[in-house]
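Residue numbers (our numbering), protein chains in the order written: chain F, 1 to 329; chain P, 1 to 329.
Protein chains: 2
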Amino acid sequence: MMSDIAALAGVSESTVSRALAGSSLISEKTRQRVVKIAQRHGYAVNPAARSLRRGLSHTIAVMIPLRHAHNQHFSDAFFADMLANLADAVNARGYDLLLHRVSEGEANWVEQPIQSRRADGAIVIGQSLEHKALDQAAVRGVPFVVWGARLPEQHYVSIGTDNFLGGKLATEHLIQRGRKRIAFLGDRRAPEVGERHRGYLKALADSDIRADRKLQLEIPFGADEALRSLSDLVRSGVSLDGVVAASDTIAMSAIRALTESGLKVPADVGVVGFDDVAMASYTLPPLTTIRQEIAPGAVLLVDKLLAILAGEPAQSQQMKPKLVVRAST
Amino acid sequence: MMSDIAALAGVSESTVSRALAGSSLISEKTRQRVVKIAQRHGYAVNPAARSLRRGLSHTIAVMIPLRHAHNQHFSDAFFADMLANLADAVNARGYDLLLHRVSEGEANWVEQPIQSRRADGAIVIGQSLEHKALDQAAVRGVPFVVWGARLPEQHYVSIGTDNFLGGKLATEHLIQRGRKRIAFLGDRRAPEVGERHRGYLKALADSDIRADRKLQLEIPFGADEALRSLSDLVRSGVSLDGVVAASDTIAMSAIRALTESGLKVPADVGVVGFDDVAMASYTLPPLTTIRQEIAPGAVLLVDKLLAILAGEPAQSQQMKPKLVVRAST
DNA sequence: CCCGCCTTTGCAATCGATTGCGCAGCACCT
DNA sequence: AGGTGCTGCGCAATCGATTGCAAAGGCGGG
């Protein structure tokens, strides 16, 4: 308790509080003495008491909206990587990280942890199909930032990769390798994937390649569906020599589907993934993919959110994707 | 604020508090009225105030000790899966989940979030090399549970797979497939892996197969090292027809190393993984592996911890592993 | 030597909910 | 009618820290 430390230091509780908080009202000499005593006795301020008095929880909620593919989505290596990096970034700023699952169909899930005062602000990983809900929450002034696509006229701050460019790079790479029948695998309803898809179409158009509807598969993030859909496609006899996948997970699954259908990767079909998760370089064949800068992204997310919490203005930001060429193309 | 609700309901704050907490001191009629009013006004008790008064945070810390392979480890799909399931289980019990990174070399990291009153108890995923630190903390009475191996005379509660049996099953499976030169890949210093290794040795001994030191590779969890070590091994000309890997991640990496060295999986070498992460069934070839029951494990972890927090006795528990045969053997 | 100013510290109210204890009201019994 | 036992609710202290305001102490100037 603070009063114990105060007694030991021979000062009042106010002084201890201010010394520990680094207030300029306390002389350097006193502060050092107090701090030393607190350390020696293993004292740490009670966060509940502090939160109550200050009205701030000093905690950031991290949420992953998954209306459709529940755990599938979460266990995608990309989310795990992002979460690990967020944990580091949040802790590095002295904040705590509250991990919150978003239950299906829960109304105003974005603000729930905030208005219940459990967290000061939130970081949402991925827009999923929740853009509208997010936008409305932003209009209501809920402090949060999103990892995902930047959409026209959105009211919230988002950090993410330039997905359009990423999709374009992936597709152009295949085209340069001489591919003309290039499939796109991903759930375009998710804004990030939608952008990647637009990039894909643009690259095709730039090279005067006709975009074939049959080659554009609507696949929720899960690898299951990718596997089945692609197998079906190949079996249907449609010609195909390239695949742009919306995630590395889908890409790996696609490689398996192709191989089991008797097609060789990369000889017959080139496959490009998206994310460059750790696993991407260990698969067989190692995956050509579009790298997203997760670590800097995590830091940006945290810093933007803290800026918003401090009342400063914050802008959305897009990071440049990078093509990483490996053996799958 | 509670006083607002009290005023609206025409009762005292005490009554509101008790009604919302479901105290038996309040008549059913009054409780319902109060609850309804609270709901209509979107009122939720201030967690900071409650924590302060009750001395409990109603929060569980989840920690992943990673002295050696920092993020590598975390991004292993197994941890992500476990974390996702823990988030569900913890939230289902009405608790909050605080995700805490364990900084390198930090002293008494287990109790830190607890004695700072940020969490009531902790769940540690994986013993890593921290068994001693964990055991000491348990002796000091820190409330926590661990996912990992059960060691002789340990003082903490652990939930986990029967790793010895798992290692034995994996190895026996390869032996049944006619393999005799079976390698083991994993960091045996981690208790879970050590147990798996003992199971491996037991299976070999039971079949009168000599265990060859050269085939037992000390590999930290990362896939990098697995790839290199195994490539080196193959290049050195040692004969080899089976691999037992300490994780699916290592197994995948091993498959790539073998394939690139000109060996075919499963024709020349059979590979068995451990965990059965989602990705394991999508790789090429799909991975034969030892399945760990993550979801029930997560629920057990949470319930045991809550039991400990409630002052009830709790026992360690081992779950039966299951061999899942796919195409890699 | 006295006064006023600045620096440093302490007093006490406050954040929002919980809970031990006491009391009012009512039913029931003798 | 008075006594007894419950049930249901309110009073007020309390959890541990923060902070506006006041005051004490030190210092220099007149």
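No residue lacks a Cβ here, since even glycine has one placed at the ideal position from N, Cα and C. All of these numbers come straight from a predicted model, not from anything done at the bench.
Taking C-beta pairs closer than 9 Å, name the residues in chain P that residue i reaches, listed in chain order.
i: I252/F; result: The amino acid at residue 252/F is misidentified as Ile; the sequence shows Met. Per Cβ cutoff of 9 Å: M279, Y282, T283, L284.
i: S116/F; result: A44, V45, N46, P47
i: T161/F; result: Per Cβ cutoff of 9 Å: no residues; T161/F is ~18 Å from chain P at best.
i: S57/F; result: P47, A48
i: S51/F; result: N46, P47, A48, A49, S51, L52
Classify residue i: buried if its beta carbon has 16 or more other beta carbons within 10 angstroms, exposed otherwise.
i: D162/P; result: buried
i: M1/P; result: exposed
i: A183/F; result: buried
i: I5/F; result: buried
i: A19/P; result: buried
i: V142/P; result: buried
i: S3/P; result: exposed
i: N71/F; result: With a pLDDT of only 45 at N71/F, under 50, the local geometry of the prediction cannot be trusted, and no value is derived from it.
i: P113/F; result: buried
i: H155/F; result: exposed
i: P331/F; result: With chain F covering only 1 through 329, there is no way to say anything about residue 331/F.
i: V325/F; result: exposed
i: K320/P; result: exposed
i: A21/P; result: exposed
i: V238/P; result: exposed
i: E218/F; result: exposed
i: K304/P; result: buried
i: Q176/F; result: exposed
i: V139/F; result: exposed
i: R210/P; result: exposed
i: Q356/P; result: Absent from the model: residue 356/P. The displayed extent of chain P is 1 to 329, so no value can be given.
i: H253/P; result: Here the sequence assigns Ser to residue 253/P, which means His is not the residue at that position. That one is buried.
i: A205/P; result: exposed
i: R179/P; result: buried
In chain P, what lies closer than 8 Å to residue i by C-beta?
i: R291/F; result: Chain P residues near R291/F: none, gap ~15 Å exceeds 8 Å.
i: I255/F; result: L284
i: T259/F; result: L284
In chain P, what lies closer than 7 Å to residue i by C-beta?
i: D96/F; result: L98, R118
i: S239/F; result: Under the 7 Å cutoff, chain P gives no residues; its nearest Cβ is about 22 Å from S239/F.
i: L287/F; result: Going along chain P, no residue has its Cβ under 7 Å from L287/F, so there is no contact; the nearest lies around 11 Å.
Cβ of residue i within 8 Å of Cβ of residue j?
i: R189/P; j: L129/P; result: yes
i: L134/F; j: V145/F; result: no
i: L287/P; j: A278/P; result: no
i: S316/F; j: S116/F; result: no
i: V269/F; j: G242/F; result: yes
i: G167/P; j: V244/P; result: yes
i: G186/P; j: A246/P; result: yes
i: G273/F; j: D248/F; result: yes
i: H197/F; j: L323/F; result: no
i: S57/P; j: R118/P; result: yes
i: T30/P; j: V45/P; result: no
i: T289/P; j: D275/P; result: yes
i: T59/F; j: R256/P; result: no
i: A298/P; j: N85/P; result: yes
i: L8/F; j: L98/P; result: no
i: H131/F; j: P65/F; result: no
i: T171/F; j: A137/F; result: no
Please list the partners that residue i has in chain F, where partner means a Cβ-to-Cβ separation under 9 Å.
i: F274/P; result: Residues of chain F passing the Cβ test: none, with the nearest at roughly 16 Å.
i: F164/P; result: The contacting residues do not exist; F164/P stays about 27 Å from chain F at best.
Whole-angstrom Cβ separation of residue i and residue j, contact assumed at under 8 Å?
i: A48/F; j: S51/P; result: 4 Å
i: D120/P; j: L309/P; result: 6 Å
i: Q127/P; j: A107/P; result: In fact, because the Cβ distance is near 17 Å, the residues do not count as touching under 8 Å.
i: V234/F; j: A251/F; result: About 15 Å separates the two Cβ atoms, so there is no contact after all.
i: F79/P; j: A80/F; result: 7 Å
At a CB-CB cut-off below 7 Å, which residues of chain F make contact with residue i?
i: D4/P; result: In chain order: nothing, as chain F lies at least about 15 Å away.
i: S328/P; result: By Cβ distance, chain F contributes nothing, its closest Cβ being about 11 Å from S328/P, past 7 Å.
i: D88/P; result: R101
Who are the neighbours of residue i on chain F, taking C-beta pairs under 8 Å?
i: F144/P; result: Residues of chain F passing the Cβ test: none, with the nearest at roughly 17 Å.
i: F79/P; result: A80
Under 7 Å from any heavy atom of the ligand FAD, does the C-beta of residue i make it?
i: A170/P; result: For the ligand FAD, the structure offers nothing, since it holds no ligand at all.
>> Can you pull out the residues from the stretch 28 to 40 of chain F whose beta carbon lies closer than 8 Å to at least one beta carbon of chain P?
In response: Listed by position, the residues of the stretch 28 to 40 of chain F near chain P (Cβ gap below 8 Å) amount to none.
> If contact means a Cβ-Cβ distance below 7 Å, which residues of the stretch 215 to 239 of chain F contact chain P?
Replying inline: Residues A223, L227.
>> Closer than 7 Å between beta carbons: that is the criterion. Which residues of the stretch 11 to 30 of chain F meet it against chain P?
In response: Those residues of the stretch 11 to 30 of chain F that come within reach of chain P (Cβ to Cβ, closer than 7 Å) do not exist; the list is empty.
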